[in-house]
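One structure is given here, and the rest of the page talks about it.
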Amino acid sequence: MIVADSSVPLPADWRDLFALTKPRVMSLVVFTALCGLLAARSGIDPVLGFTAILCIALGAGASGALNQWYEADLDAKMKRTAGRPLPSGRVDRQTALHFGVGLAVFSVLMLGLATNWLAAGILAFSIFFYAVVYTVWLKPNTPQNIVIGGAAGAFPPLLGWAAASGSVSTLPALLFAIIFLWTPPHFWALALFVKTDYAAAGIPMLPVTAGARATRQQILLYSFVLAAAAVAPWALGLTGAIYGLAAVALNAVFVALAVRVWRNQATEPQGMKPEKRLFAFSILYLFILFGALVADRLVLS
Numbered sequence: 003m004i005v006a007d008s009s010v011p012l013p014a015d016w017r018d019l020f021a022l023t024k025p026r027v028m029s030l031v032v033f034t035a036l037c038g039l040l041a042a043r044s045g046i047d048p049v050l051g052f053t054a055i056l057c058i059a060l061g062a063g064a065s066g067a068l069n070q071w072y073e074a075d076l077d078a079k080m081k082r083t084a085g086r087p088l089p090s091g092r093v094d095r096q097t098a099l100h101f102g103v104g105l106a107v108f109s110v111l112m113l114g115l116a117t118n119w120l121a122a123g124i125l126a127f128s129i130f131f132y133a134v135v136y137t138v139w140l141k142p143n144t145p146q147n148i149v150i151g152g153a154a155g156a157f158p159p160l161l162g163w164a165a166a167s168g169s170v171s172t173l174p175a176l177l178f179a180i181i182f183l184w185t186p187p188h189f190w191a192l193a194l195f196v197k198t199d200y201a202a203a204g205i206p207m208l209p210v211t212a213g214a215r216a217t218r219q220q221i222l223l224y225s226f227v228l229a230a231a232a233v234a235p236w237a238l239g240l241t242g243a244i245y246g247l248a249a250v251a252l253n254a255v256f257v258a259l260a261v262r263v264w265r266n267q268a269t270e271p272q273g274m275k276p277e278k279r280l281f282a283f284s285i286l287y288l289f290i291l292f293g294a295l296v297a298d299r300l301v302l303s
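Each residue of the sequence shown is one higher than the one before, starting from 3 at the first, in the working numbering.
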């Protein structure tokens, strides 16, 4: 009778590999990239369009896998991330590294061959930016990690537009700016009520280094700047009233929630309902805003 050797790790389950790609983050990446592709109104072949979105999704998955490979030890120190495949021991680091690199190379090459090399180049840079500039350099070293690192999550609409049109213009650049400016208030709202996790892992998030009051002030400041950037496409005549009215309404709610966060004095998670509401709304905000953009562009076409 053959007895299995328990010292030899079993191959990673496909669900664990899928978890390495950060599917929740990927869903937002896919949506905003698709919106960028549709907003370009280039008449791209549906098969090539599907391939482009698939490649962008795989590139985002590669970034997530490489991020988790590098941060496995940090993830093990935080309650929010301790159950991920690497810190829980369901996937070994070498597998995660090979998986991430493989997805990155495949997604960039396939996007270049299927659409154009401008889009492929932007995808390659976005993976590098998230996996190296943000994960290795910014996140462990500066409380401004989310501010600068926000660029990593802002590439998808730019990627979708470039894949469809082979170029980049003012509107996709503004879409990039919207997500870039949205990231700090979105992520700092989360960081306020999971501050102890970041402190335990030694990650210099703004609430840890500057305190809750300063973080709330920054959330409010960025919310005003975000509102200006979000309304800019309408003000510049790049979109119509469907997008413009949605942008005004959504940002009025966003700023109102940010004001409530600014006024809140709570230091414990149970007293941070305004922060939790802003975080939840910020996700809905981006989906509705970009959905309104697509609806607006389709009506204009």
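C-beta atoms are modelled at their ideal positions from N, C-alpha and C, and glycine is treated no differently. Source: prediction; values computed, not measured.
- Positions of the alpha helix (DSSP H) runs, each at least 4 residues long and wholly inside the segment 116-163, are given as 119-130 in order along the chain.
- By the 16-neighbour rule on beta-carbons within 10 angstroms, Asp47 is exposed.
- Per DSSP, reduced to three states, the secondary structure at Ile205 is coil, with no helix or strand assignment.
- If the five residues before and after Asp77 are omitted, its C-beta is found closer than 6 Å to the C-beta atoms of Thr83, Arg86 and Pro89, all from its own chain and listed in chain order.
- Counting the other CB atoms within 10 Å of its CB gives Asn147 a total of 16 or more, which places it among the buried residues.
- Counting along the chain, the unbroken alpha helix (DSSP H) around Glu277 starts and ends at Lys275 to Leu302.
- Inter-segment contact for the segment 172-179 and the segment 56-67 is absent: fewer than three beta-carbon pairs are separated by less than 8 Å.
- Cβ neighbours of Phe226 within its own chain (closer than 7 Å, five residues either side excluded): Val257.
- Residue Ala175 holds the alpha-carbon nearest to the alpha-carbon of Leu238 among Ala175, Ala260 and Val296.
- Between the beta-carbon of Lys141 and that of Ile55 there is about 27 Å, and that puts the pair past the 8 Å contact cut.
- Non-local beta-carbon contacts of Val255 in its own chain, meaning distances under 8 Å to residues more than five positions away in sequence, involve Phe283 and Tyr287 in chain order.
- Taken in chain order, the unbroken stretches of alpha helix (DSSP H) that lie wholly in the segment 19-61 and span 4 residues or more are 25-41.
- In the DSSP assignment, Arg218 falls within the unbroken alpha helix (DSSP H) covering Ala214 to Ala237.
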